[in-house]
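Below: one structure, written as structure tokens.
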Amino acid sequence: MSIRKIVKYGSKSLREKSKEVHKISKKIQILVEDLYDTMYSLNGVGLAAPQIGENLRVFVIDTGVDQKSMNPITFINPKILKTEGAINSYEGCLSFPDAYTNVRRHKYVKVKALDIKGRPFIIEVNDGSLLARAIQHEFDHLEGILFIDHSRNRFEADKILTEKGLNPIDANYLLDEKEMEEEIQNTVQNEEKPVD
Ligand code: ZN
Numbered sequence: 037m038s039i040r041k042i043v044k045y046g047s048k049s050l051r052e053k054s055k056e057v058h059k060i061s062k063k064i065q066i067l068v069e070d071l072y073d074t075m076y077s078l079n080g081v082g083l084a085a086p087q088i089g090e091n092l093r094v095f096v097i098d099t100g101v102d103q104k105s106m107n108p109i110t111f112i113n114p115k116i117l118k119t120e121g122a123i124n125s126y127e128g129c130l131s132f133p134d135a136y137t138n139v140r141r142h143k144y145v146k147v148k149a150l151d152i153k154g155r156p157f158i159i160e161v162n163d164g165s166l167l168a169r170a171i172q173h174e175f176d177h178l179e180g181i182l183f184i185d186h187s188r189n190r191f192e193a194d195k196i197l198t199e200k201g202l203n204p205i206d207a208n209y210l211l212d213e214k215e216m217e218e219e220i221q222n223t224v225q226n227e228e229k230p231v232d
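If you read the sequence shown in my numbering, its first letter stands for residue 37, the second for the next number, and so on.
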């Protein structure tokens with residue numbers, strides 16, 4: 037329907053908790069169309085409703101790389117049922133133009149949500165793939181959590197944010213992910229062990 041303006045980092049509404057959708061009305065259908073139009077126009081992999089100024093529990097993801105492999109998935113009122121494991125990767129966000137930081141994510145995620153017709157579905161992703169990470173990233177937006185809150189290195193993240201003219205990390209939002217960090221470090225050590 038239309039390409040909407042992205043709410044940028046620094047705006048208070050990105051820190052608000054979004055509200056449940058009570059009815060999949062015409063308004064919600066248009067919101068979902070706008071999310072896809074806006075996301076595709078910016079070559080994004082995912083977009084959450086609060087990023088276009090609607091604090092509702094809706095996000096869309098498409099990890100397809102071209103038209104042939106398009107795989108749009110709409111999540112309404114999602115619930116994370118289970119997470120396991122830890123990985124790290126560089127992540128960005130359409131609300132943070134050109135800023136990528138090293139963040140912690142779970143390897144496995146199981147999520148329940150409603151589709152655009154109001155039908156419940158469950159998705160389980162087990163390999164720390166782009167889809168697994170995107171689900172966690174977009175779900176966070178509904179909670180007012182941003183990817184930089186998962187930063188492994190606050191000082192590196194601050195440097196990147198400042199370079200892009202964005203506000204530095206607010207320590208109050210940094211998440212305590214000690215166990216995830218330990219798991220990431222152990223994985224790295226195991227990978228670096230010479231094979232003998
Ligand atoms: Zn984002």
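Glycine included, each C-beta is placed from N, C-alpha and C at the ideal position.
Taking 7 angstroms as the cut-off, does the CB of residue i come closer than this to any heavy atom belonging to the ligand ZN?
| i | result |
| --- | --- |
| L130 | yes |
| H186 | no |
| F111 | no |
| F183 | yes |
| Q172 | no |
| Q87 | yes |
| H177 | yes |
Evaluate residue i with the Cβ neighbour count: other Cβ atoms within 10 Å of its Cβ, from every protein chain shown; 16 or more gives buried, anything less gives exposed.
| i | result |
| --- | --- |
| Q103 | exposed |
| M37 | exposed |
| N226 | exposed |
| G89 | exposed |
| T110 | buried |
| N162 | exposed |
| N107 | exposed |
| E192 | exposed |
| Q87 | buried |
| S49 | exposed |
Can you pull the DSSP bridge partners for residue i?
| i | result |
| --- | --- |
| K94 | The question names Lys, but residue 94 is Val in the sequence shown. In DSSP, V94 forms a bridge with I112. |
| E127 | T137 |
| V145 | T119 and V161 |
| A207 | BP columns for A207 are empty, so no partner. |
| K238 | Here the chain covers residues 37 to 232 and nothing more, so residue 238 does not appear. |
| L83 | V96 |
| K200 | Looking at the DSSP assignment, K200 forms no beta bridge with any residue, so it has no partner. |
Give me the Cβ distance between residue i and residue j, rounded to the nearest whole Å; I'm assuming they're in contact under 8 angstroms.
| i | j | result |
| --- | --- | --- |
| Y144 | A168 | 7 angstroms |
| E215 | F95 | About 26 angstroms; that fails the 8 angstroms criterion. |
| Y45 | S131 | 5 angstroms |
| E69 | G180 | The pair is not a contact, with the Cβ atoms about 24 angstroms apart (cut-off 8 angstroms). |
| V81 | L166 | 6 angstroms |
Every unbroken beta strand (DSSP E) within the stretch 151-196, with a cutoff of 3 residues, ordered by chain
156-161
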